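Peer 1:
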Amino acid sequence: MATVSLPLGDAPSAPRPRLRVSDYLRWSVDHKIIGVQYMVTAFFFFIVGGALAMLIRWELLTPTMDVVANGSQYNTLFSVHGLVMIFLWIIPMMAGFGNYLVPLMLGAKDMAFPWLNAFAFWLIPPAGVLMIASWLVGPPEAGWTQYPPLSTLFSGDGQTLAALSVHLLGISSILGAINFIVTILNMRPEGMSIWQIPLFCWAILATSIIIVMATPFLAGALTLLILDRIAGTTFFDATRGGDVLLWQNVFWFYSHPAVYIMVLPGMGILSDVLSVHSRKPIFGYKMIALSSMAIAIVGFTVWAHHMFTSIQPELRIPFMITSMIIAVPTGIKIFSWLGTLWGGKIRFTTAMLFSLGFLSMFVIGGITGVMLAMVPFNIHVHDTYFVVAHLHFVLFGGAVFAIYSGVYHWFPKITGRMLDERWGRLHFVLTYIGFFFTFFPMHFAGMLGMPRRVAVYMPEFQGLNTVASLGSFVLGISTFILVYNAIASLRAGKLAGANPWRALTLEWATSSPPPATNFIGDPVLFDDPYGFGTPAASDYLNAIDRRFGAPEPGAPAAPRPAAPAAPQPAVGD
Amino acid sequence: MADKTMTPAADAASEAQPGVPGYVGTHYPDDTTTVLGRQINLPVYTVVFIVLGTLTVLEVALAELVPRGGLTIPLMLLISLGKAALVVWFYMHLNSDSRLFAVTLLVPVVMVTLATLFLMIVPVGY
Amino acid sequence: MSEMSLQQTPAAPVRRDAHGDTHGSHSQRVQNLKFATWLYLASEVVIFSVLIATYVVFRLHNPEVMELFHEKMNEWPGIWLVSLNTFILLASSWAMVMGLRQIQRNNPQGLMRWIGLTALMGTVFVVFQYVEYTEMAHKGITLYYDAASGIFKDFGMRFYAPTAFHGAHVIVGVLWALYVVNNARKGRYSSQNYIGVEVFGLYWHFVDVVWIVLFTLIYLI
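Residue numbers (the numbering used here), protein chains in the order written: chain A, 1 to 573; chain B, 574 to 699; chain C, 700 to 920.
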């Protein structure tokens, strides 16, 4: 505490970076531009995938077929919806956060390999074009899991394009992950040990390790699938010497760890947001960091719980046990977050609200996950809407809520302006309610036996489905509130200053948006990234305000000491 | 772990050499190699190559001359593993480079071995 | 106390950005590149394992196909060509490290000769593999499922997928070797800066290691 260094000296002399829209449309090796490119591209695909979801829910308003003309069209809807949301929205969006934040949080000027970083991003637009083109040339109908023989014998040429698209996205995310691992392990400033990096960086590190180890499984399986589709091989054709289960095994070698690829960065976002907005040191830093690693490791041992109805029965129990074990590190995180909140000076900013939304919804998703790990229950609800409910609670209630939370938290850093909090709160309320009423009824529908991936269902499920559909329309509308809020705030939002939330991590110790080199001179790091509530932290934060500028008065930011040089130590900070 | 491994002592030492900014250190092997206490007038790379060639001949002879079955298959696997280890250890410089690189290689190797064994154990064909 | 010490803390404290300049000192760049290459090779291990596993599982459950395959391999050129090819690839790896040794001794001419030899042997490997594939195809082992091929009808794809994927890596490696030679010709390497050669070496040796494993698993066992 006594050795705290403060960022004093003259105000930064570099002019505020003026970035035009065109800067984001061309090749750039600046990680900040690449990060925004990732996020905007991913959000575009979120709208695309969301529109497909709206069509799905519209179709399911009534038990009969009314929006789509036949079952094949419905298959296309949910297949492309799943592929787009997973491979073109959540994973690239998390990579966007990582790109923008990791170098800043480490006090670095850029990623370890800026060119590779740009290359990894620019694989995404062609992959997106391939994915959308797949719809036009004869749509993929095999779901996002692309199980053969659905994907080999019963799908149009689009399935090949979709597989190629996922292949490209896999290469992109492997290259990105290599970059993250090298950056986090090798590019920390002197004096920042691995136990001082923000928990978001830990989460990205764990995610990247999973990506490097798991994504090639999918690449290998997709290579075989593409060969089956275009070269006349029969790797997955059981009638001609192939093995259908090979796909399921290898696919879930990748795709179960991929669940953690999608949610671990969100957990990293949560660790930062919860601590900052409740003005309390994070509870159990090491446990949260190590539980990310534990999830990464155990995540590789649970894949066959997706196959309880297809593997031989004696293997079910071992995978049931590992699947339950993986709830332990997740539980450690949840309780650490609750411990962080406990007794904190909680500020219900929109970022905080979405993080709390994550906590409540992800716990539901986690509990249904443990339920699904149990063999008898799993067999009962296998391939029903219960599974749909579970995965959306984990991926929407988990990953997307965390993304929203991160957007509200870091938007000021990225743009220099605050997002409007009133619109933000409306966005949160509509999202939360819409989300809950969309996906919670699906649990009941599933337990009553409604199968997933059907356009026509028994009339007795109509009540539940109508509630879900109406909820989903609210959810759809809520997304545009964020879009409006972002555009309006970009034009006329309150100026954010360098550190509106009074956070202690390094990305806030520079102007908003940061200059091209991220920091003018050397960044000054505070020993403990979550060491709120000490006089030293208070001094550090005041010094940042003095050097880089405080937020505009009236901006929805953390309250500051009345006078910048208040003599008494503001211990409450 | 990362702190120690990623700033190897060798690096720091060579960087400390005066007048050579960014000097990385060139630890190329000598012209002679000591094998089992005897000095051979060849660089270590050549010695390793000769060993690799010999092992390959041995392996092919084993496959072609000895009837397949019994111990031959594990023996051939062992030889091929030894050859791979020689290349990784001497040619890919794991003997002098950061331990982290060895971990980076070993983790996926162990993982895919287990995965392959799993696929070998479960029944196929349906 | 805090207010006073606040004013006196220097603006540039001891803690500083590890990479003071553009992208770090040379030694850090070297460490970053090597680490990234190893991570890339780690992902390659996994993707190769999927293709190899399809072969190994087939091998385990169809020993009679393998008996027949080994019989076919005993016909000229068969196993002898593949053994020669294995030897060539091992030699190319040796040439690779000898080239690295030359540039570590600040001898770009030696580097160009050795790496040129590596590229040449890589090319020979690919040509011999082409010859081998042609022989195979004549014996009825095809990539696609071919009911007319009798017992080899579903063997070909499991044979070609891993070996051809490896062959593609060799082709990429040959192109990379030529690029390294070209760089050496332009004087871009020295005993102070040979990371470009070293990274290529890691890739090339990895391709060699994969072949060592494939050769034993597919042709010998």
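Ideal Cβ placement from N, Cα and C applies to all residues, glycine included. Since the structure is predicted, the reported quantities are computational estimates derived from the model, not experimental observations.
Sorted by chain position, which residues of the same chain lie with C-beta nearer than 8 Å to LEU77 (chain A)'s C-beta, five sequence neighbours on each side aside?
Peer 2: LEU52, LEU55, ILE56, GLU59, VAL68
Peer 1: Residues of chain B with CB under 8 Å from ALA741 (chain C), in chain order?
Peer 2: Simply THR677, LEU678, VAL680, PRO681.
Peer 1: With distances taken from CA atoms, which of A:THR309, A:ALA402, A:TYR432, A:THR431 is nearest ASN378 (chain A)?
Peer 2: A:THR309
Peer 1: For the segment 197-230 of chain A, enumerate the residues whose C-beta is nearer than 8 Å to any C-beta of chain C, in chain order.
Peer 2: VAL212, MET213, ALA214, THR215, PRO216, PHE217, ALA219, GLY220, ALA221, THR223, LEU224, LEU227
Peer 1: Measure the alpha-carbon distance for PHE905 (chain C) versus PHE747 (chain C) and round it to whole angstroms.
Peer 2: Their backbone Cα atoms lie some 11 Å apart in a straight line.
Peer 1: Since TRP122 (chain A) and TRP27 (chain A) are thought to touch, with beta carbons under 8 Å apart, how far apart are those beta carbons, to the nearest angstrom?
Peer 2: 7 Å
Peer 1: Taking C-alpha atoms, which residue in C:GLN828, C:ASP845, C:PHE854 lies nearest to GLU763 (chain C)?
Peer 2: Residue C:PHE854 is the option with its Cα nearest to GLU763 (chain C).
Peer 1: On the three-pair Cβ rule with 8 Å, is the segment 514-531 of chain A touching the segment 99-110 of chain A?
Peer 2: yes
Peer 1: Would you verify that the beta carbon of PHE44 (chain A) is, or is not, closer than 9 Å to some beta carbon of chain B?
Peer 2: no
Peer 1: Thinking C-beta only, is PHE663 (chain B) closer than 9 Å to VAL796 (chain C)?
Peer 2: yes
Peer 1: Helix, strand or coil for ARG316 (chain A)? Go by DSSP, reduced to three states.
Peer 2: Helix at ARG316 (chain A).
Peer 1: From the DSSP output, in three-state form, read off ILE544 (chain A) for me.
Peer 2: DSSP places ILE544 (chain A) in helix when its eight states are reduced to three.
Peer 1: What does ARG417 (chain A) pair with, by DSSP beta-bridge criteria?
Peer 2: A:LEU495
Peer 1: Around the Cβ of HIS392 (chain A), are there at least 16 other Cβ atoms within 10 angstroms (buried) or fewer (exposed)?
Peer 2: With 16 or more other Cβ atoms inside 10 Å of its own Cβ, HIS392 (chain A) counts as buried.
Peer 1: Work out the CA separation of GLY895 (chain C) and TYR260 (chain A) for me, nearest whole Å.
Peer 2: Distance between the alpha carbons of TYR260 (chain A) and GLY895 (chain C) is about 35 Å.
Peer 1: What first and last residue would you give for the beta strand (DSSP E) that runs through ARG279 (chain A)?
Peer 2: Note, ARG279 (chain A): premise wrong, no beta strand (DSSP E); not H, not E.
Peer 1: Measure how close the beta-carbons of GLY176 (chain A) and TYR100 (chain A) come, nearest whole angstrom, since I'm counting them as under 8 Å.
Peer 2: Between GLY176 (chain A) and TYR100 (chain A), the beta carbon gap of about 13 Å keeps them out of contact (Cβ cut-off 8 Å).
Peer 1: How far does the alpha helix (DSSP H) with GLN612 (chain B) in it extend, from its first residue to its last?
Peer 2: Here GLN612 (chain B) belongs to no alpha helix (DSSP H); instead the beta strand (DSSP E) covers 611-613.
Peer 1: What residues from chain C crowd round GLY241 (chain A), counting only those whose CB sits closer than 8 Å?
Peer 2: Within chain C, the residues near GLY241 (chain A) are TYR844, LYS852, ASP853.
Peer 1: In whole angstroms, what is the alpha-carbon distance linking VAL781 (chain C) and GLN730 (chain C)?
Peer 2: 37 Å
Peer 1: Classify LEU517 (chain A) as helix, strand or coil using the three-state DSSP reduction.
Peer 2: According to the sequence provided, residue 517 (chain A) is Thr. The question's Leu does not apply to it. THR517 (chain A) falls in the coil class under three-state DSSP.
Peer 1: Mind listing which residues of the segment 312-332 of chain A have their C-beta closer than 9 Å to chain F's C-betas, in chain order?
Peer 2: Considering every chain present, this structure includes no chain F. Its protein chains are A, B and C.
Peer 1: Quick one: grab the DSSP three-state call for THR785 (chain C).
Peer 2: Here THR785 (chain C) sits in helix by DSSP.
Peer 1: Does chain A have any CB closer than 9 Å to the CB of ASN882 (chain C)?
Peer 2: no
Peer 1: Could you tell me which chain A residues have their CB closer than 9 Å to the CB of LEU913 (chain C), listed as they occur along the chain?
Peer 2: Those do not exist, as LEU913 (chain C) stays about 15 Å from chain A at its closest Cβ, beyond 9 Å.
Peer 1: PHE532 (chain A) and ARG347 (chain A) look like a contact to me (Cβ under 8 Å); what is the Cβ gap, rounded to whole Å?
Peer 2: Not confirmed; about 12 Å, so no contact.
Peer 1: Please list the partners that GLY476 (chain A) has in chain C, where partner means a Cβ-to-Cβ separation under 8 Å.
Peer 2: The premise fails here: GLY476 (chain A) is roughly 37 Å from chain C at the closest Cβ pair, so nothing lies under 8 Å.
Peer 1: Is it buried or exposed, VAL826 (chain C), if we count other Cβ atoms within 10 angstroms and call 16 or more buried?
Peer 2: Per the 10 Å Cβ criterion, exposed.
Peer 1: Could you please tell me which residues of the segment 851-876 of chain C, in chain order, have their CB closer than 9 Å to any CB of chain A?
Peer 2: LYS852, ASP853, PHE854, GLY855, MET856, ARG857, TYR859, ALA860, PHE864
Peer 1: Mapping DSSP to helix, strand and coil, what is THR606 (chain B)?
Peer 2: Strand at THR606 (chain B).
Peer 1: By the three-class DSSP mapping on this structure, what secondary structure does THR384 (chain A) have?
Peer 2: strand
Peer 1: For PHE691 (chain B) and chain A, any beta-carbon pair shorter than 9 Å?
Peer 2: yes
Peer 1: Can you find the residues in the same chain that come closer than 6 Å, C-beta to C-beta, to PHE899 (chain C), ignoring five residues on each side of it along the sequence?
Peer 2: TRP875, VAL879
Peer 1: Does LEU525 (chain A) come within less than 9 Å of chain B when only Cβ atoms are used?
Peer 2: no
Peer 1: Report yes or no: do the segment 145-162 of chain A and the segment 190-199 of chain A share at least 3 C-beta pairs separated by less than 8 Å?
Peer 2: Taking 8 Å as the limit for Cβ pairs, the verdict is that the segment 190-199 of chain A does not touch the segment 145-162 of chain A.
Peer 1: Using the three-state DSSP reduction, which class does PRO551 (chain A) fall into: helix, strand or coil?
Peer 2: coil
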